[in-house]
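Colleague:
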Amino acid sequence: MTTEELRTMLCEMRVEDSAHLLLGATLVSPIGSCLITEVEAYGGADDPGSHAYRGITPRTEPMFGPAGHAFIYFTYGNHWMLCITAHDREDAAATLIRAGKPLSGLEEMKSRRAKAKSEHDLLTGPGKLTQALGIDKQYNELDLLNPKNELYILPTKEVIKYPVIDVRVGLAEGKGEHTPWRFLHPDYIQDTSLPRPRI
DNA sequence: CTAGAGATGGGCT
DNA sequence: GCCCATCTCTAGC
Numbered sequence: 000m001t002t003e004e005l006r007t008m009l010c011e012m013r014v015e016d017s018a019h020l021l022l023g024a025t026l027v028s029p030i031g032s033c034l035i036t037e038v039e040a041y042g043g044a045d046d047p048g049s050h051a052y053r054g055i056t057p058r059t060e061p062m063f064g065p066a067g068h069a070f071i072y073f074t075y076g077n078h079w080m081l082c083i084t085a086h087d088r089e090d091a092a093a094t095l096i097r098a099g100k101p102l103s104g105l106e107e108m109k110s111r112r113a114k115a116k117s118e119h120d121l122l123t124g125p126g127k128l129t130q131a132l133g134i135d136k137q138y139n140e141l142d143l144l145n146p147k148n149e150l151y152i153l154p155t156k157e158v159i160k161y162p163v164i165d166v167r168v169g170l171a172e173g174k175g176e177h178t179p180w181r182f183l184h185p186d187y188i189q190d191t192s193l194p195r196p197r198i
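According to numbering that gives the first Met the number 0, the stretch in the first sequence is residues 0 to 198, in order.
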């Protein structure tokens, strides 16, 4: 699959299928790269757990834009979250990158994550991953399917046939907390964030 | 190992 | 003012 073929698929697929497709892909930044081991899907007007649930705002605008671009937002006073926008229909959608396995730039990632107690702690969480890879608002809305950009994604060589599926993390009651839109790479289940998947 | 709570600041109800 | 798609530290097994 080429990046342009991935773009076409993201445009046409439901967001939960896009999330599944992004498992096992490679995320590259100027700091280093990683294999994507955990993702979550977020929708729009039908998804009370999504920031886009109440419609478009300056912050959520990228979720309503073209597929394959970065949606990066700040939360909890400390953390940047990286999402990849999904389908090009009227409604919003994006996939949150929650965890990864380091592929290159290990030393640079360690120096950016001084508080990590082990290599396992480097990318096992959405805020940890952006900190380790140097991802912040500067890349918001960037086209992630153009390898000429500083931040981009390379498609997985083989689609993960049987992802581990779980409910999404951190959603309050009534916010779609039972929707099974968390996908984990079965071969790297140790490289995913807490809480542990229920399976 | 687990559970609980504090930190922290931008967005919006 | 309240709400977070979180991380880290501490206390207690």
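Glycine included, C-beta positions come from ideal geometry on N, C-alpha and C.
#1: For residue 101, which residues does DSSP report across the bridge?
#2: In chain order, what are the residue ranges of uninterrupted beta strand (DSSP E) at least 3 long that sit wholly in the region 57-113?
#3: How is the beta strand (DSSP E) around residue 153 delimited, first residue to last?
#4: Is the region 166-186 in contact with the region 142-150, if contact means three or more CB pairs nearer than 8 Å?
#5: Could you spell out where the beta strand (DSSP E) holding residue 183 opens and where it closes?
#6: Since residue 32 and residue 103 should fall inside the 8 Å C-beta cutoff, what is the C-beta to C-beta distance between them, to a whole number of angstroms?
#7: By how many angstroms is the C-alpha of residue 158 removed from the C-alpha of residue 53?
#8: When we look at the beta-carbon of residue 113 and count the other beta-carbons within 10 Å, is it buried (16 or more) or exposed?
#9: For the putative contact between residue 100 and residue 161, defined by C-beta atoms under 8 Å, what is the C-beta separation to the nearest angstrom?
#10: Just verifying my parser: in three-state terms, what is the DSSP assignment at residue 11?
#11: Hey, could you find the ends of the beta strand (DSSP E) residue 25 is sitting in?
#12: For residue 180, does the count of other Cβ atoms within 10 angstroms reach 16, so buried, or fall short, so exposed?
#13: Could you tell me the distance, in whole angstroms, from the CA atom of residue 10 to the CA atom of residue 108?
#14: Counting along the chain, where does the beta strand (DSSP E) carrying residue 163 start and finish?
Modeller: According to the structure shown:
#1: BP columns for residue 101 point to 33.
#2: 69-74, 78-84 and 93-103
#3: 151-153
#4: no
#5: 181-183
#6: 5 Å
#7: 33 Å
#8: exposed
#9: Between residue 161 and residue 100 the Cβ distance is about 18 Å, and since that is not below 8 Å, they are no contact.
#10: helix
#11: 25-27
#12: buried
#13: 32 Å
#14: For residue 163, the uninterrupted beta strand (DSSP E) run begins and ends at 163-165, by DSSP.
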